[in-house]
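Here is the structure we will look at, set down as structure tokens.
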Amino acid sequence: MSGEFEGRVALVTGGSRGIGRATALQLAAGGSDVAISYGSRVGPAEETVADIESLGRRAVAVQCDVSQPAQVDRMVATTRNVLGPISLMAHCGAISNTADHSEMDYDRFKETIDVNLNGAFLATFAVKDEMIQRGDGRIVLVSSIAALAARKMQIHYSTAKAGVIAMTRCCSEAFAPHVRVNCVAPGLTETEMAHVLTDEVMQQLIDATPLGRIGQPEELAEVICFLLSDRSSFMTGQTVVASGGRILLP
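Read in order, the letters of the sequence shown correspond to residues 15 to 264 in my numbering.
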């Protein structure tokens, strides 16, 4: 990966933790300057910026609620002003929780759609015009294997993440030929969001995974960076499942 992102500017939403942080660090290791967004905790964001800078790259962290259009516009403008035009974006910002249908209400459903689906739309549409005008851009959106199977405790989350896959397909055709848009659908991964699950449920999911373990953020970041790189130059509109085999597509 050394040098393959040299001269590029990347934006990673949700880049202070989990898959987003691992992606930001791998992009920096590949030569990219990196902007990250974070929700409320400045400490992990500052630590990630310091780690990127230790790799010899420029970095900036921007607080942003990705469900708010004005904040997304500010995030993109700050990135552009500090680092330059954005040519790579990985949208990793999301929320996750579980709820039985008897506990589901509109407010919880709407919040999840606003962050996980509308946030993906806002981030994508905030960067796509400049990418199209410059004739160069790569976008990766993060969905979930929850979008690909029935999840009775995640009606809200699965619905939002399924929308991300559909948006990926549509945007890939709309933004072609110079901007590629792809998607990653992770399985159970060692992140803070995974720990909304009980230990019992966590073990059940691991037992149902052919590889017999939980994924690591760095493994998912490898897939994202592949899709952002020239190594995937003939791929667009695709959803890559990285789940340890728990979801097998035909």
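Beta carbons: idealized from backbone N, C-alpha and C, even for Gly. Treat the numbers as computed from the prediction; the structure is a model and nothing was measured.
Which of helix, strand or coil does DSSP assign to residue i?
i    : result
R194 : strand
A108 : coil
T138 : helix
P231 : helix
A208 : helix
T203 : strand
E61  : helix
A164 : coil
S172 : helix
T223 : coil
R71  : coil
M216 : helix
From the DSSP output, read off the bridge partner residues of residue i.
i    : result
S272 : Residue coverage of the chain in this structure runs from 15 to 264, which leaves residue 272 outside it and unanswerable.
V156 : V198
G102 : Sequence inspection shows Leu at residue 102; the Gly mentioned does not correspond to that position. Its beta-bridge partners are A24 and R152.
V237 : Answer is none; V237 lacks a bridge partner.
A256 : P200
Taking the alpha-carbon positions, what's the residue i to residue j distance?
i    : j    : result
N132 : M181 : 10 Å
G17  : G44  : 5 Å
F189 : K142 : 8 Å
L242 : T212 : 34 Å
P99  : G149 : 12 Å
A256 : P200 : 5 Å
M207 : R31  : 10 Å
H327 : H170 : Because residue 327 is not part of the residues shown, which for the chain are 15 to 264, the question remains open.
Q147 : V23  : 16 Å
M103 : T112 : 28 Å
T203 : F139 : 28 Å
S157 : I179 : 7 Å
S101 : F248 : 17 Å
Could you check if residue i is buried or exposed, using at least 16 other CB atoms within 10 Å of its CB as the buried criterion?
i    : result
K166 : exposed
Q218 : exposed
G259 : exposed
R227 : exposed
Y52  : buried
A235 : buried
N95  : exposed
What do you reckon, are the CB atoms on residue i and residue j nearer than 8 Å?
i    : j    : result
A161 : K175 : yes
L155 : H105 : yes
V63  : A73  : yes
T27  : G34  : yes
I153 : V198 : no
G151 : V193 : yes
L136 : V80  : yes
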